[in-house]
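S.K.:
There are 4 protein chains.
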Amino acid sequence: MKKNKPKYRQIIDAAVTVIAENGYHQAQVSKIAKQAGVADGTIYLYFKNKEDILISLFQDKMGYFVEKIEEEIAGKEKATEKLLTLIENHFKILSDDPHLAIVTQLELRQSNKDLRLKINEVLKGYLKVVDKILIEGKENGEFSSTLDVRLARQMIFGTIDETVTTWVMNGQKYDLTALSKKVHELLIHGCGGFRSKG
Amino acid sequence: MKKNKPKYRQIIDAAVTVIAENGYHQAQVSKIAKQAGVADGTIYLYFKNKEDILISLFQDKMGYFVEKIEEEIAGKEKATEKLLTLIENHFKILSDDPHLAIVTQLELRQSNKDLRLKINEVLKGYLKVVDKILIEGKENGEFSSTLDVRLARQMIFGTIDETVTTWVMNGQKYDLTALSKKVHELLIHGCGGFRSKG
Amino acid sequence: MKKNKPKYRQIIDAAVTVIAENGYHQAQVSKIAKQAGVADGTIYLYFKNKEDILISLFQDKMGYFVEKIEEEIAGKEKATEKLLTLIENHFKILSDDPHLAIVTQLELRQSNKDLRLKINEVLKGYLKVVDKILIEGKENGEFSSTLDVRLARQMIFGTIDETVTTWVMNGQKYDLTALSKKVHELLIHGCGGFRSKG
Amino acid sequence: MKKNKPKYRQIIDAAVTVIAENGYHQAQVSKIAKQAGVADGTIYLYFKNKEDILISLFQDKMGYFVEKIEEEIAGKEKATEKLLTLIENHFKILSDDPHLAIVTQLELRQSNKDLRLKINEVLKGYLKVVDKILIEGKENGEFSSTLDVRLARQMIFGTIDETVTTWVMNGQKYDLTALSKKVHELLIHGCGGFRSKG
DNA sequence: CATGAATGAGAGTTCATTCAT
DNA sequence: CATGAATGAACTCTCATTCAT
Chain A
1 MKKNKPKYRQ
11 IIDAAVTVIA
21 ENGYHQAQVS
31 KIAKQAGVAD
41 GTIYLYFKNK
51 EDILISLFQD
61 KMGYFVEKIE
71 EEIAGKEKAT
81 EKLLTLIENH
91 FKILSDDPHL
101 AIVTQLELRQ
111 SNKDLRLKIN
121 EVLKGYLKVV
131 DKILIEGKEN
141 GEFSSTLDVR
151 LARQMIFGTI
161 DETVTTWVMN
171 GQKYDLTALS
181 KKVHELLIHG
191 CGGFRSKG
Chain B
1 MKKNKPKYRQ
11 IIDAAVTVIA
21 ENGYHQAQVS
31 KIAKQAGVAD
41 GTIYLYFKNK
51 EDILISLFQD
61 KMGYFVEKIE
71 EEIAGKEKAT
81 EKLLTLIENH
91 FKILSDDPHL
101 AIVTQLELRQ
111 SNKDLRLKIN
121 EVLKGYLKVV
131 DKILIEGKEN
141 GEFSSTLDVR
151 LARQMIFGTI
161 DETVTTWVMN
171 GQKYDLTALS
181 KKVHELLIHG
191 CGGFRSKG
Chain C
1 MKKNKPKYRQ
11 IIDAAVTVIA
21 ENGYHQAQVS
31 KIAKQAGVAD
41 GTIYLYFKNK
51 EDILISLFQD
61 KMGYFVEKIE
71 EEIAGKEKAT
81 EKLLTLIENH
91 FKILSDDPHL
101 AIVTQLELRQ
111 SNKDLRLKIN
121 EVLKGYLKVV
131 DKILIEGKEN
141 GEFSSTLDVR
151 LARQMIFGTI
161 DETVTTWVMN
171 GQKYDLTALS
181 KKVHELLIHG
191 CGGFRSKG
Chain D
1 MKKNKPKYRQ
11 IIDAAVTVIA
21 ENGYHQAQVS
31 KIAKQAGVAD
41 GTIYLYFKNK
51 EDILISLFQD
61 KMGYFVEKIE
71 EEIAGKEKAT
81 EKLLTLIENH
91 FKILSDDPHL
101 AIVTQLELRQ
111 SNKDLRLKIN
121 EVLKGYLKVV
131 DKILIEGKEN
141 GEFSSTLDVR
151 LARQMIFGTI
161 DETVTTWVMN
171 GQKYDLTALS
181 KKVHELLIHG
191 CGGFRSKG
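Chains as they are written, first to last, in the UniProt record's numbering: chain A, 1 to 198; chain B, 1 to 198; chain C, 1 to 198; chain D, 1 to 198.
#1: When you compare the CB positions of Leu86 of chain B and Leu94 of chain B, do they come within less than 8 Å of one another, or not?
#2: Drop a sphere of 10 angstroms on the beta-carbon of Ser30 of chain A, count the other beta-carbons inside from all chains shown, and report buried for 16 or more, exposed for fewer.
#3: Does DSSP classify Lys197 of chain C as helix, strand or coil?
#4: If we define contact as Cβ-Cβ less than 8 Å, is Gly137 of chain C a contact residue for chain D?
#5: Can you tell me whether DSSP reads Thr17 of chain C as helix, strand or coil?
#6: What does the alpha-carbon distance come out to for the pair His25 of chain D and Arg109 of chain D?
#7: Could you name the residues of chain B that Ser56 of chain A contacts, counting a contact when the two beta carbons are closer than 9 Å?
#8: Looking only at its own chain, which residues have a Cβ that is under 8 Å from the Cβ of Lys181 of chain B, when we skip the five neighbours before and after it?
#9: Would you say the segment 3–12 of chain D touches the segment 160–179 of chain D, given that touching needs at least three Cβ pairs under 8 Å?
#10: Can you confirm whether Thr163 of chain A, when its beta carbon is compared against all beta carbons of chain B, has any partner nearer than 8 Å?
#11: From what residue to what residue does the alpha helix (DSSP H) around Val183 of chain A run?
#12: Please state the DSSP three-state secondary structure of Asn89 of chain B.
#13: Using a Cβ-Cβ distance under 8 Å, would Gly190 of chain B count as near chain A?
#14: Fully enclosed by the segment 20–96 of chain A, which alpha helix (DSSP H) runs are 4 residues long or longer?
#15: Got a sec? Which residues, its chain only, sit under 7 Å from Ile135 of chain D by beta carbon, not counting five neighbours each side?
#16: Quick one: which residues of the segment 110–136 of chain D get their C-beta closer than 9 Å to a C-beta of chain C? List them in chain order.
#17: Count the other CB atoms within 10 Å of the CB of Lys48 of chain A; is the residue buried (16 or more) or exposed (fewer)?
#18: Hey, does residue 201 of chain D have any beta-carbon neighbour from chain C nearer than 8 Å?
#19: Can you pull out the residues from the segment 157–185 of chain A whose beta carbon lies closer than 9 Å to at least one beta carbon of chain B?
#20: Between Met62 of chain B and chain A, is any beta-carbon pair separated by less than 8 Å?
#21: Counting only C-beta atoms, is Ser144 of chain A closer than 8 Å to chain B at any point?
#22: Verify the contact flag: Lys128 of chain A, CB atom, against every heavy atom of the ligand ADP, threshold strictly below 7 Å.
#23: If we ignore side chains and look at the alpha-carbon of each, how far apart do Leu147 of chain B and Ala74 of chain A end up?
#24: Comparing alpha-carbon positions, which option in A:Gln35, A:Gly23, A:Asn22 lies nearest Ile12 of chain A?
#25: Can you find the residues in the same chain that come closer than 6 Å, C-beta to C-beta, to Gln10 of chain D, ignoring five residues on each side of it along the sequence?
#26: Looking at C-beta atoms only, is the number of pairs between the segment 184–195 of chain C and the segment 182–192 of chain D that lie closer than 8 Å three or more?
#27: So, using beta-carbon positions, are Asn89 of chain C and Lys68 of chain C closer together than 8 Å?
#28: Based on Cα-Cα distance, which residue from B:Leu54, B:Ile55, B:Lys7, B:Leu123 lies nearest to residue 201 of chain B?
#29: At a CB-CB cut-off below 8 Å, which residues of chain A make contact with His25 of chain B?
#30: When the cut-off is 8 Å and only beta carbons count, does Ala152 of chain D lie next to chain C?
#31: Please report how far the alpha carbon of Phe65 of chain D lies from the alpha carbon of Gly125 of chain D, in whole angstroms.
#32: Ile43 of chain C and Ala33 of chain C: beta carbons closer than 8 Å?
#33: Taking just the CA atoms, how far does Asn112 of chain B sit from Ala178 of chain C?
#34: Can you list, in chain order, the residues of its chain with a C-beta nearer than 7 Å to that of Lys197 of chain A? Leave out the 5 residues immediately preceding and following it.
#35: Grab me the residues of Arg153 of chain C's own chain with a C-beta within less than 7 Å of its C-beta, minus the 5 sequence neighbours each way, in chain order.
#36: Do Ile160 of chain C and Val103 of chain C have their C-beta atoms within less than 8 Å of each other?
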């Protein structure tokens, strides 16, 4: 398994750095090779082609993402708590790795449709976690019984994603993690806020 | 004013068609010229360069977007009604122009950072409309008085955008406009739904 | 005869200005037309093509050059005096018209071989004047009886031309005409200078 | 050092051939690559861009020029002998390489001002050699003590250059080297020739 | 005579990938 | 396993010239 060899990770990490610092369109294979400390040709011993580096990068990082979040969620009882944990961790992981945030929110989106379709495939793992929380919440009465899971998932992911992207575009200058509770509150009660009476 | 000459529109429309049918990276100037029925060089009598075509395209279409939505909103009294109208029109305009939907949701996002920054500039007009609705809703008590306008705007835009993108990526096979009410409901009351009692 | 119409001269003069100020490769027909205050198409009512403007420009200016010099020379008796007069006038005409100097010494030389061959054709009129002086000087004993007229002509023209070019390349900052006597002295007596005894 | 690799020279030599045979404006990079027997992209492993090929070509050839002439001059005692040697070698080197003569006298002069300024920089090395001869000649009494070195240098370079250019423009049909002595004689004694008595 | 909108051919350069060493 | 020199396809933009008005 090539994925366990040290150079595999070296190249993935080099790709994140190079893309974050130079932008997607200025991230040539030769630059990644140099950053990784290997020859251009060596890249092709570990990856099929350039696209494969990017997909692998995404799978690798997103795999950790899902794993980490599932782990943290496991300890929570209520769906709303789980959703908060998901938001908190999503924000935290990207806050802790500014390069990764730039790469996933801005740079990788410049890739062509094919690559984006493959990235979406990878994203499904994340979306399944969201779906599971939503279904659980519907079942135990925390969420509306008429909730459309697919739409709610799109709202949750869309909102989190837009929040992170705005933060990255503004230069990661403010504290993203501090927004978790307010975003959570918004997602649970909407713009209307919590009402005891209509 | 070049913008009023027929060839200006011909070229913009040709660009939408060519990008939608061939993808961003396969939309060569010569292809756009051919589709528009003009010579390659003619493009440069109306646009500074290729990037200028894309920005103009976005400004042009988004300008209509904002104009149309502001017009429709004007007739509504309540902020929630205005939000519904915004969602309905957003979905309707893109539903009515499948090519435009592909271009704005998928293809134009592949552009480089410079172009994307300029596109974001244009988007600000749309976000201001959303902000106005939110502020109004806070003032007349429809929305929570503690609502964070910026976060709420990110939720609204993120949700709408993600909903449209998902629809486009799935081949525009289902009725997007039919989702307006449910998306609206979600944005107002959140996953928790409307509760008469906490 | 088109050459006598006012627009003919307007265009020639515009060409000199535009080439001097923008350089040969940035002297587009449209720029010359604008400077001349006529439409692009009008150029082609007076000149066959762009090359024709440049050749006409050269013929026109060089014609004045030869005419002026022949006129001044006519009043001189000795060949050496005639040579001095030629140098003085050559330097003076170009000193008096800095744009023309730039155009003839630097810009027009960037033209392609065809155009340069035609320019050389025009130059022959000037070289004939030089030849006449040389032959006269040989006949009346002012110049060596073994003088190779062709080589001497190349020396005279090469020296004058190089002197003017150096002056133009240095920004026309010093007084070119002040060099006439010394250049003349050099051409008559060479580096060795005048010697009463070998 | 790329300059010592065989392909570096292959490309330079190919450029001389292609420019001489097709003219400056018809010397496309792809043509030079083909002539050199390498791929288009290979050119850019050895040269920054097309202009860099031409400057390198000039530096390379002119470097040899100056080196060769300085070497030959070193063995001569008198300034006049040195000048003769310079002329002889200048003529000989270009006579021996007809392609190079075409390139330096006609084609490279069509380059834009930027390139020509860089070429002039290279030429300064040659002009310094001329200056050294002139100063030496003044010091040891061979040349006039009142000689203006800058003007004399312009005469010498202008005359040699004009002589070579005329020879190239006439199709290199006559023996250029045979003119060395007469040109030398002209430069030393001028049109007046050698006089024992004024 | 004069206009100026329209034409369309033509070339330098980058970079993912290969393969002989 | 690792190297890195070599490959070659692909595309934007300029500008001299024309011709319908």
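Ideal Cβ positions, reconstructed from N, Cα and C, are used throughout, including at glycine. Predicted model only: the values in this text are computed from it and were never measured.
M.R.: Concretely, from the data shown:
#1: No, these two residues do not count as a Cβ contact at 8 Å.
#2: Exposed, by the Cβ-count rule.
#3: Only weak support exists for where Lys197 of chain C lies, its pLDDT of 39 falling under 50; the coordinates are left without a value.
#4: Put simply, the CB of Gly137 of chain C is near chain D, with a gap under 8 Å to one of its CB atoms.
#5: In the structure shown, Thr17 of chain C sits in a helix (DSSP, three-state: H, G or I).
#6: Rounded to the nearest whole angstrom, the CA to CA distance from His25 of chain D to Arg109 of chain D is 11 Å.
#7: Per Cβ cutoff of 9 Å: no residues; Ser56 of chain A is ~20 Å from chain B at best.
#8: The residues Leu84, in chain order, have a CB closer than 8 Å to that of Lys181 of chain B in the same chain once the five nearest residues on each side in sequence are set aside.
#9: Too few Cβ pairs lie closer than 8 Å, so no.
#10: At least one chain B Cβ lies under 8 Å of Thr163 of chain A.
#11: The continuous alpha helix (DSSP H) containing Val183 of chain A extends over residues 180–189.
#12: Asn89 of chain B: helix per DSSP, three-state reduction.
#13: By the rule that beta-carbons nearer than 8 Å mark a contact, Gly190 of chain B touches chain A.
#14: Counting only runs of 4 or more, we get 29–36, 40–46, 50–74, 79–96.
#15: Close CB contacts of Ile135 of chain D within its chain, under the 7 Å cut and outside five residues either way in sequence, are with Val149 (chain order).
#16: Answer set for the segment 110–136 of chain D: Gln110, Ser111, Asn112, Lys113, Arg116, Leu117, Asn120, Leu134.
#17: Burial check for Lys48 of chain A: the Cβ neighbour count within 10 Å stays below 16, so the residue is exposed.
#18: For residue 201 of chain D there is no data in the structure shown, the boundaries of chain D being 1 and 198.
#19: Of all residues in the segment 157–185 of chain A, Phe157, Gly158, Thr159, Ile160, Asp161, Glu162, Thr163, Thr165, Thr166, Met169, Leu179, Lys182, Val183, Glu185 have a Cβ within less than 9 Å of some Cβ in chain B.
#20: Against chain A, the CB of Met62 of chain B has no partner CB under 8 Å away; the residue lies outside that interface.
#21: At least one beta carbon of chain B lies nearer than 8 Å to the beta carbon of Ser144 of chain A.
#22: With respect to the ligand ADP, the structure shown offers nothing to examine, as it has no ligands at all.
#23: If you take the alpha carbons of Leu147 of chain B and Ala74 of chain A, they lie about 30 Å apart.
#24: That would be A:Gln35, whose Cα lies nearest to the Cα of Ile12 of chain A.
#25: The answer, listed in chain order, is Ala36.
#26: Yes: at least three Cβ pairs fall under 8 Å.
#27: By the CB criterion at 8 Å, Asn89 of chain C and Lys68 of chain C fall inside the cutoff.
#28: Outside the displayed range of chain B (1 to 198) lies residue 201 of chain B, so it cannot be described from this structure.
#29: Per Cβ cutoff of 8 Å: Asn112.
#30: Taking CB atoms only, Ala152 of chain D has a neighbour in chain C less than 8 Å away.
#31: It is roughly 10 Å from the alpha-carbon of Phe65 of chain D to the alpha-carbon of Gly125 of chain D.
#32: The Cβ atoms of Ile43 of chain C and Ala33 of chain C sit closer than 8 Å to each other.
#33: Cα-Cα distance, rounded: 59 Å.
#34: Because Lys197 of chain A carries a pLDDT of 37, less than 50, the predicted location of this residue cannot be relied on, and the following value inherits that uncertainty. Around Lys197 of chain A: no qualifying Cβ.
#35: Counting only Cβ-Cβ distances below 7 Å, and skipping sequence neighbours, we find Leu127, Val130, Asp131, Leu134.
#36: Taking a C-beta distance under 8 Å as the contact criterion, Ile160 of chain C and Val103 of chain C do not qualify as a contact pair.
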